[in-house]
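The listed protein sequences derive, respectively, from chains A and B.
Residue numbering for the first sequence follows this note's numbering, beginning at 1 and increasing consecutively.
Residue numbering for the second sequence follows this note's numbering, beginning at 112 and increasing consecutively.
Here a beta-carbon is modelled for each residue, glycine too, at the ideal position from N, C-alpha and C.
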Amino acid sequence: GEDVEQSLFLSVREGDSSVINCTYTDSSSTYLYWYKQEPGAGLQLLTYIFSNMDMKQDQRLTVLLNKKDKHLSLRIADTQTGDSAIYFCAEREGGSYIPTFGRGTSLIVHP
Amino acid sequence: KAGVTQTPRYLIKTRGQQVTLSCSPISGHRSVSWYQQTPGQGLQFLFEYFSETQRNKGNFPGRFSGRQFSNSRSEMNVSTLELGDSALYLCASSSGSGGINEQFFGPGTRLTVL
């Protein structure tokens with residue numbers, strides 16, 4: 001079945017860029033999402049990209065998609081302590097209403 | 112626009128009991144999905160309701176059930192609780208139609224089974 005893989009932890013220094021990586025197996029994925037979960041809260045959609053796009057930029061966030069390698073990344077520029085959270089990658093094929101989530105990457109930002 | 116609300120926020124039960132969790136979606140949303148989040152298994156999909164019908168189902172035992180009312184509010188029930196059911200239960204609402212179909216999550220219900 002479909003699978004979405006992410007590394008579990010990433011530690012960066014405040015002010016540096018963070019890059020969170022994700023790989024997926026479903027070649028028919030149409031929508032790819034990045035969600036953020038802060039402590040004690042639900043998931044919040046940060047950004048998404050269509051499978052026919054290579055890149056999407058939204059303020060400090062840059063999403064890169066390599067469809068051939070089924071690799072998705074989220075780059076956060078000028079990472080701040082407030083960016084510390086768990087980041088989930090998710091994919092959904094066009095015919096499905098339910099995304100498949102990765103297990104999440106815990107981003108730790110230290111001074 | 113009010114967000115997704117879940118009640119209760121915290122719940123402590125003992126093994127063998129049953130529990131009902133409630134979710135109120137964003138106004139106008141017709142789809143409600145339920146997820147179980149645990150440190151070991153991550154985010155696992157339980158089921159999705161759309162217009163009062165279960166449209167999608169994850170791989171959970173029959174002890175986990177749900178329903179959706181005509182106002183799109185949804186409830187999830189877990190019977191004969193087990194220790195392994197301790198988790199954060201998240202509800203997400205969406206339009207349920209095509210396109211981005213962004214899911215909006217509630218804050219979750221933290222269930223502890225003793």
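Using a beta-carbon distance below 8 Å, is residue i in contact with chain B?
{"i": "arginine 103/A", "result": "yes"}
{"i": "tyrosine 97/A", "result": "yes"}
{"i": "alanine 41/A", "result": "yes"}
{"i": "tyrosine 87/A", "result": "no"}
Run down chain A in chain order and give the residues with a C-beta less than 8 Å from the C-beta of residue i.
{"i": "glycine 195/B", "result": "Chain A residues near glycine 195/B: none, gap ~17 Å exceeds 8 Å."}
{"i": "glycine 153/B", "result": "Phe101, Gly102, Arg103, Gly104"}
Taking Cβ-Cβ distances shorter than 9 Å, what residues in chain B pair up with residue i?
{"i": "glutamine 44/A", "result": "Phe215, Phe216"}
Is residue i near residue j, with beta carbons less than 8 Å apart?
{"i": "phenylalanine 161/B", "j": "arginine 178/B", "result": "no"}
{"i": "alanine 113/B", "j": "serine 144/B", "result": "no"}
{"i": "leucine 192/B", "j": "glutamine 128/B", "result": "yes"}
{"i": "glycine 42/A", "j": "leucine 201/B", "result": "yes"}
{"i": "glutamate 93/A", "j": "serine 29/A", "result": "yes"}
{"i": "leucine 157/B", "j": "glutamine 148/B", "result": "no"}
{"i": "valine 115/B", "j": "serine 185/B", "result": "no"}
{"i": "phenylalanine 216/B", "j": "glutamine 6/A", "result": "no"}
{"i": "glycine 219/B", "j": "leucine 199/B", "result": "yes"}
{"i": "aspartate 54/A", "j": "leucine 46/A", "result": "no"}
{"i": "glutamate 163/B", "j": "phenylalanine 180/B", "result": "yes"}
{"i": "aspartate 78/A", "j": "leucine 107/A", "result": "no"}
{"i": "tyrosine 97/A", "j": "asparagine 182/B", "result": "no"}
{"i": "valine 189/B", "j": "arginine 126/B", "result": "no"}
{"i": "glycine 169/B", "j": "glutamine 155/B", "result": "yes"}
Using a C-beta to C-beta distance shorter than 7 Å, which residues of chain A count as neighbours of residue i?
{"i": "glutamate 159/B", "result": "Tyr97, Ile98"}
{"i": "glycine 207/B", "result": "Tyr97"}
{"i": "serine 144/B", "result": "Ile98"}
Does any C-beta atom of chain A lie closer than 8 Å to the C-beta of residue i?
{"i": "glycine 139/B", "result": "no"}
{"i": "arginine 166/B", "result": "yes"}
{"i": "glycine 177/B", "result": "no"}
{"i": "leucine 201/B", "result": "yes"}
{"i": "glutamate 219/B", "result": "The sequence shown places glycine at residue 219/B, not glutamate. Yes - at least one Cβ of chain A is within 8 Å of the one on glycine 219/B."}
Going along chain B, which residues have a C-beta under 8 Å from residue i?
{"i": "tyrosine 48/A", "result": "Ile211, Glu213"}
Does residue i pass the burial test, meaning 16 or more other C-beta atoms within 10 Å, or should it be called exposed?
{"i": "aspartate 196/B", "result": "buried"}
{"i": "proline 172/B", "result": "exposed"}
{"i": "glycine 40/A", "result": "exposed"}
{"i": "serine 208/B", "result": "exposed"}
{"i": "glutamine 117/B", "result": "buried"}
{"i": "serine 206/B", "result": "buried"}
If the cut is a Cβ gap below 7 Å, which residues of chain B does residue i touch?
{"i": "tyrosine 31/A", "result": "Ile211"}
Identify the contact partners of residue i in chain A, using a Cβ-Cβ distance below 9 Å as the criterion.
{"i": "phenylalanine 156/B", "result": "Ile98, Pro99, Thr100, Phe101"}
Count the CB pairs spanning the segment 13–28 of chain A and the segment 56–71 of chain A that are closer than 8 Å, and state whether there are at least three. The segment 13–28 of chain A makes contact with the segment 56–71 of chain A: 3 or more CB pairs, one atom from each, lie closer than 8 Å.
Are the segment 94–102 of chain A and the segment 54–70 of chain A touching, with three or more C-beta to C-beta distances below 8 Å? no
State whether the segment 31–42 of chain A contacts the segment 75–88 of chain A, with contact taken as three or more CB pairs (one from each stretch) at a distance under 8 Å. yes
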